[in-house]
Amino acid sequence: MTAPREPRIVVIGAGVAGITTAYVLQDAGFTDFTVLEKGSDVGGVWYWNHYPGLTCDVPSQIYQFGFAPKPDWSKIWSTGPEIQRYHRDVAEDLGLMDRIRLDTEVTSAVYDDDAGTWTVTLADGEHLVADFVVCATGVLQNPAIPDIAGLESFAGPVVHTARWDDELATAGKRIAVIGTGSTGVQVVSALQPQAQSLVHFTRTPQWILWAPMWLPQLPFAGAALKAFPSAHHALYRGLLWGSGILADIVRNDTWRRRAVQAYARLSLRRQVPDGALREALTPDYQPLCKRQVVSGSYYRAIRAANADLVTDGIAEVTEDAIITSDGTRHEVDVIVLATGFRAHDYMRPMEVVGRDGLTIDEAWEGGPRAYRMTAIPGFPNLFTVLGPNSPTGSISLQHTAERTARYLVSWFDAFRRGEADRIEVTESATAAFNEQVVAALEPTVWNTGGCNSWYFNESGVVDLWPFDRRELDAMLSRPDPSHFHVRRG
Ligand code: NAP
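In this note's numbering, the protein residues as written are 8 to 496.
Here it is in C-alpha cells:
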C-alpha cells in the first residue's frame with residue numbers, strides 16, 4: 008500500500024459543470040484543485056448570455072443544483088439574471104470562489120508522456136502542472152456567426168445574442184433578428200414592443216409550445232420550502248422523477264409523444280388565426296425533433312403591427328439593409344444574430360494534446376466521441392463533465408454533472424490511494440458505448456422527426472443522451488476497470 012498523495016486537479020470552466028465538479032471535489036475532501044474560468048464571473052452560459060428576454064424554459068425548482076436548493080425563486084421559469092445570481096451565490100456560499108480563478112483563459116493542455124502529467128497553459132503564458140484535467144467547458148459556448156455575404160459591410164450594430172452589448176439601444180429602432188431557436192423566439196418577444204419595426208428572418212420555422220413563462224412562484228411557496236427543507240428535497244426528487252417523462256417522449260413513439268406534438272400544433276392554431284402567417288410559421292417536420300421551443304409571447308409578438316416574418320432566404324447584407332432572395336430590401340438599423348452555437352466544438356479553440364502527440368482535432372475528426380460522456384481514448388487522466396452525448400432537455404444537466412463528477416472521484420481516489428497513476432479509457436469500450444448510443448438513438452424523435460438541428464454532429468450522428476436517467480445513473484455508478492488501461496508509475 009502506497010502512502011496517500013493528493014492529486015493536482017485542474018478544472019476548466021466554472022459554469023454548471025465546473026461549479027458542480029468543484030463542489031463534488033470539495034465534498035470528497037480533495038484539497039489541490041483549481042477551477043480556471045475565462046469569463047469574469049461564474050455561470051457559464053448564464054454569464055455569457057444576457058440578451059433581452061433571456062429566460063430558462065426549464066422550471067427553476069428543477070433547474071438547480073441538487074446540493075444547493077433555492078426555495079425562493081421569483082418565478083416558475085426564472086430570468087437569466089436571477090439564474091446567473093444563483094450560480095454566483097452557490098459558488099460563494101459553498102466557499103468555492105477561493106478555488107476559482109476568473110478572467111483566466113486556458114490556451115492549451117498538453118499531456119507529458121514521460122511524467123504522466125498535464126501542462127495547462129494560460130493566455131498570459133503561465134503554466135500549471137496537473138495530474139488530472141477536467142474539461143467542464145460546456146456545449147453552448149462558441150457563438151456561430153453566419154456566413155452571410157456583406158454582413159461585415161453593415162454600417163449599424165451587428166450583435167450576437169451570446170455576446171449582447173448592454174449599451175445597445177434598440178427602442179425606436181428598425182431591428183432585424185436572424186434565427187428562430189429558443190433564443191431568437193425570446194429576443195423577438197422582448198424587443199418587439201419597443202421597436203419601431205422588427206423583421207424576423209426565419210430559415211426554418213420552429214414548433215413553439217405555449218407556456219405562461221411569466222408566472223411567479225406562489226408567494227408563500229418560498230417561505231414554506233425554506234421552513235421545511237425535507238419537503239423541498241422531496242419536491243426536487245419528485246420533479247427529477249417526473250421529468251423522466253421527457254426522456255420517454257423523445258425516445259418512444261407513444262401516445263405521450265403524440266399528445267405533446269398535438270399540443271404544439273394546437274399552440275400554433277389557437278394563437279395565429281391568420282392563415283398565411285400560420286402557414287409561414289408551420290414547420291415541415293415533427294414537433295420535438297429540434298430542441299423544443301417554449302414561449303408564451305412569441306406568436307403575439309410576431310402578429311403585432313410593427314413585426315414582420317420573412318421566410319425568404321437572405322441573399323446579402325448591404326450598408327443599411329438585408330436583401331432577401333426575392334430581391335426585397337429590408338432597411339434596418341440593428342442586426343441581431345440569434346444564430347446559435349458551434350455546439351460540437353466543446354473544449355476548442357483550446358489546444359488539447361494527449362498521448363503520443365494526438366490532438367483533440369485529430370481524435371474527433373469525425374465528430375466528438377467519448378465514453379459515457381466523460382473519457383476519451385488517447386487522453387489519459389483527462390475527463391469531460393457534460394461532454395459529448397450529454398443530455399439536453401431530457402434529463403437534468405445538474406444531475407448529470409453531479410453523477411459524472413462523483414464517478415470521476417472514484418478515479419481520483421484510486422490515485423490518492425496510490426493504486427493508479429495513468430487512467431485511459433480503452434478504444435474498444437468507447438467504440439462499444441458509441442455503438443450502443445447509435446442504436447438507442449435510432450427511434451428517437453431527434454432522428455426520425457425529419458428535421459435538421461444542432462444536435463447532429465459532423466458525421467450526421469445525433470450528439471445527445473438516448474437513454475433514460477436510470478441508465479445514466481447505472482453507467483456512472485462506478486468505473487468498470489475492464490474498460491480502462493490503468494497503470495501505476
Ligand atoms: P439554435 O437553436 O441553434 O437556433 C439557431 C437559429 O439560427 C436557427 O433558427 C437557424 O436556422 C438560424 N440560423 C443559423 N444560421 C443561419 C443563417 N446562416 N441564416 C439564417 N438563419 C440561420 O440556437 P439558439 O436559439 O441560440 O438555441 C441554442 C440552444 O440554446 C437551444 O437549443 C437550447 O438548448 C439553448 N437555449 C435554451 C434556452 C432556455 O430557455 N432554456 C434559451 C435559449 C437557448 P435553421 O433552423 O434553419 O438552422
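Where a beta carbon is used, it is the ideal one built from N, C-alpha and C, also for glycine.
If you count every other CB in all the chains shown that lies within 10 Å of the CB of GLN203, and 16 or more means buried, which is it?
Here residue 203 is taken as the residue at index 196 of the sequence shown, counted from 1. Counting Cβ neighbours within 10 Å, GLN203 comes out exposed, since fewer than 16 surround it.
Can you name the start and end residues of the alpha helix (DSSP H) that ARG410 belongs to?
Position 403 of the sequence shown, counting from 1, holds the residue named residue 410. That run of the alpha helix (DSSP H) goes 404-423.
Cα-Cα separation between GLY22 and VAL339, rounded to whole angstroms:
What you label residue 22 is simply residue 15 of the sequence shown in a count that begins at 1. What you label residue 339 is simply residue 332 of the sequence shown in a count that begins at 1. Cα to Cα, GLY22 sits roughly 35 Å from VAL339.
Unbroken alpha helix (DSSP H) run spanning ASP255, endpoints:
Sequence index remark: in the sequence shown, residue 255 carries index 248 (1-based). First-last of the alpha helix (DSSP H) with ASP255: 251-258.
Per DSSP, the bridge partner or partners of ALA75:
Within the sequence shown, the letter at position 68 stands for residue 75. Beta-bridge pairing links ALA75 to no other residue.
Quick check on the burial criterion: 16 or more other C-beta atoms within 10 angstroms. Buried or exposed for THR190?
Sequence index remark: in the sequence shown, residue 190 carries index 183 (1-based). So THR190 ends up on the buried side.
How big is the Cα-Cα spacing for TRP221 and TRP84?
By 1-based counting over the sequence shown, the position of residue 221 is 214. By 1-based counting over the sequence shown, the position of residue 84 is 77. TRP221 and TRP84: Cα-Cα distance of roughly 7 Å.
What residue does the alpha helix (DSSP H) around TRP262 start on, and which one ends it?
As a first step, residue 262 is located in the sequence shown; it is residue number 255 there, counting from the start. Run containing TRP262: 262-278, per the alpha helix (DSSP H) assignment.
DSSP three-state label for LEU295, please.
Numbered from 1 along the sequence shown, position 288 holds the residue referred to as residue 295. The three-state secondary structure of LEU295, taken from DSSP, is coil.
Cβ of ASN83 within 7 Å of any heavy atom in the ligand NAP?
Locating residue 83 in the sequence shown gives position 76, counting from the first residue. According to the sequence shown, residue 83 is Ile rather than Asn. Outside the cutoff, so no.
So, are the CB atoms of TYR305 and CYS458 less than 8 Å apart?
The count along the sequence shown starts at 1 and reaches residue 305 at position 298. The count along the sequence shown starts at 1 and reaches residue 458 at position 451. No, Cβ-Cβ distance for TYR305 and CYS458 is not below 8 Å.
Using only CA atoms, which one of THR41, GLY249, THR318, VAL468 lies nearest to TRP371?
Residue 371 sits at position 364 when you count from the first residue of the sequence shown. Among THR41, GLY249, THR318, VAL468, the Cα nearest to that of TRP371 is on VAL468.
Measuring from the CB of PRO59, is there a heavy atom of the ligand NAP at a distance below 7 Å?
Your numbering for residue 59 matches position 52 in the sequence shown. No; taking the cut-off as 7 Å, the Cβ of PRO59 has no heavy atom of the ligand NAP nearer than that.
Residues near SER274 by beta carbon distance below 7 Å, same chain, minus five either side
Here residue 274 refers to the residue found at position 267 when the sequence shown is read from its first residue. Excluding positions up to five away in sequence, the list reads ILE215, LEU216, TRP217.
Pair every Cβ in the stretch 383-399 with every Cβ in the stretch 129-147, then say whether three or more of these pairs are closer than 8 Å.
yes
Let me check you understand the geometry: is the CB of ASP315 closer than 7 Å to at least one non-hydrogen atom of the ligand NAP?
Taking the first residue of the sequence shown as position 1, residue 315 is located at position 308. In this structure, the ligand NAP has no non-hydrogen atom nearer than 7 Å to the beta-carbon of ASP315.
Could you spell out the range, first to last residue, of the alpha helix (DSSP H) harbouring TRP53?
Position 46 of the sequence shown holds residue 53. Per DSSP, TRP53 belongs to the alpha helix (DSSP H) from 52-55.
On the DSSP bridge list, what partners appear for HIS134?
Mapped onto the sequence shown, residue 134 falls at position 127. DSSP lists THR128 as partners of HIS134.
Let me confirm a value: ALA254 is counted as buried when at least 16 other C-beta atoms fall within 10 Å, else exposed. Which label applies?
Within the sequence shown, the letter at position 247 stands for residue 254. Its Cβ being crowded by 16 or more others within 10 Å, ALA254 is buried.
Looking at the unbroken beta strand (DSSP E) that takes in PHE161, where does it start and where does it end?
What you label residue 161 is simply residue 154 of the sequence shown in a count that begins at 1. Judged by DSSP secondary structure, PHE161 falls outside any beta strand (DSSP E); it is assigned neither H nor E.
Can ILE330 be considered in contact with the ligand NAP, in the sense that its beta carbon sits closer than 7 Å to one or more heavy atoms?
By one-based count along the sequence shown, residue 330 stands at place 323. Checking every heavy atom of the ligand NAP against the Cβ of ILE330, none is found closer than 7 Å.
Any non-hydrogen atom of the ligand NAP within 7 Å of SER196 CB:
Stepping through the sequence shown from its first residue, residue 196 is reached at position 189. No - the ligand NAP has no heavy atom lying nearer than 7 Å to the Cβ of SER196.
To the nearest angstrom, report how far apart GLY36 and THR261 are at their CA atoms.
Locating residue 36 in the sequence shown gives position 29, where the first residue counts as 1. Locating residue 261 in the sequence shown gives position 254, where the first residue counts as 1. Rounded to the nearest angstrom, the two C-alpha atoms are 45 Å apart.
Are there 16 or more other CB atoms within 10 angstroms of the CB of ILE252, so buried, or fewer, so exposed?
As a first step, residue 252 must be located in the sequence shown, where it is residue number 245. With fewer than 16 other Cβ atoms within 10 Å, it is exposed.
Based on Cα-Cα distance, which residue from LEU242, MET354, THR335 lies nearest to TRP73?
Position 66 of the sequence shown, counted from the start, is the residue given in the question as residue 73. One point to set straight first is that residue 73 is Gly, not Trp, in the sequence displayed. Nearest of LEU242, MET354, THR335 to GLY73, Cα basis: LEU242.
Nearest CA to the CA of GLY347: which residue from GLN33, VAL166, VAL31?
The residue given as residue 347 occupies position 340 in the sequence shown. The shortest Cα separation from GLY347 among GLN33, VAL166, VAL31 belongs to VAL166.
Helix, strand or coil: which one does DSSP assign to SER302?
In the sequence shown, the residue the question calls residue 302 occupies position 295. Looking at SER302 - three-state DSSP - the assignment turns out to be coil, as it is neither helix nor strand.
For GLN201 and ALA178, which I take to be in contact (beta-carbon distance under 8 Å), what is that distance rounded to the nearest angstrom?
Position 194 of the sequence shown, counting from 1, holds the residue named residue 201. Position 171 of the sequence shown, counting from 1, holds the residue named residue 178. Yes, GLN201 and ALA178 are in contact; Cβ-Cβ is about 4 Å, under 8 Å.
ARG307 to ALA271 span [Cα, whole Å]
For this step, residue 307 is matched to residue 300 along the sequence shown. For this step, residue 271 is matched to residue 264 along the sequence shown. Spanning the two alpha carbons is a distance of roughly 16 Å.
Considering only C-alpha positions, which residue in the set VAL18, ALA427, SER403 is nearest to ARG247?
In the sequence shown, residue 247 corresponds to position 240, counting from 1. Correcting the residue identity first, residue 247 is Leu in this sequence and not Arg. Nearest option by C-alpha distance: SER403.
Sufficient close CB pairs (3 or more, under 8 Å) joining the stretch 409-429 to the stretch 34-53
Cβ pair count under 8 Å is three or more, so yes.
I'd like the span of the alpha helix (DSSP H) that includes ILE367, first residue to last.
Start at 1 with the first residue of the sequence shown, and residue 367 comes out as number 360. Unbroken alpha helix (DSSP H) run through ILE367: 367-370.
Please list, in chain order, all residues of the same chain as THR114 whose beta carbon is under 6 Å from its beta carbon, the five residues on each side excluded.
Here residue 114 refers to the residue found at position 107 when the sequence shown is read from its first residue. Excluding residues within five positions, the ones whose Cβ falls inside 6 Å are THR128, ALA130.
Span separating the alpha-carbon of GLU465 from that of LEU158
Here residue 465 refers to the residue found at position 458 when the sequence shown is read from its first residue. Here residue 158 refers to the residue found at position 151 when the sequence shown is read from its first residue. Going from the Cα of GLU465 to the Cα of LEU158 covers about 25 Å.
Could you check what DSSP says for SER435 in three-state terms: helix, strand or coil?
Numbered from 1 along the sequence shown, position 428 holds the residue referred to as residue 435. In the structure shown, SER435 sits in a helix (DSSP, three-state: H, G or I).
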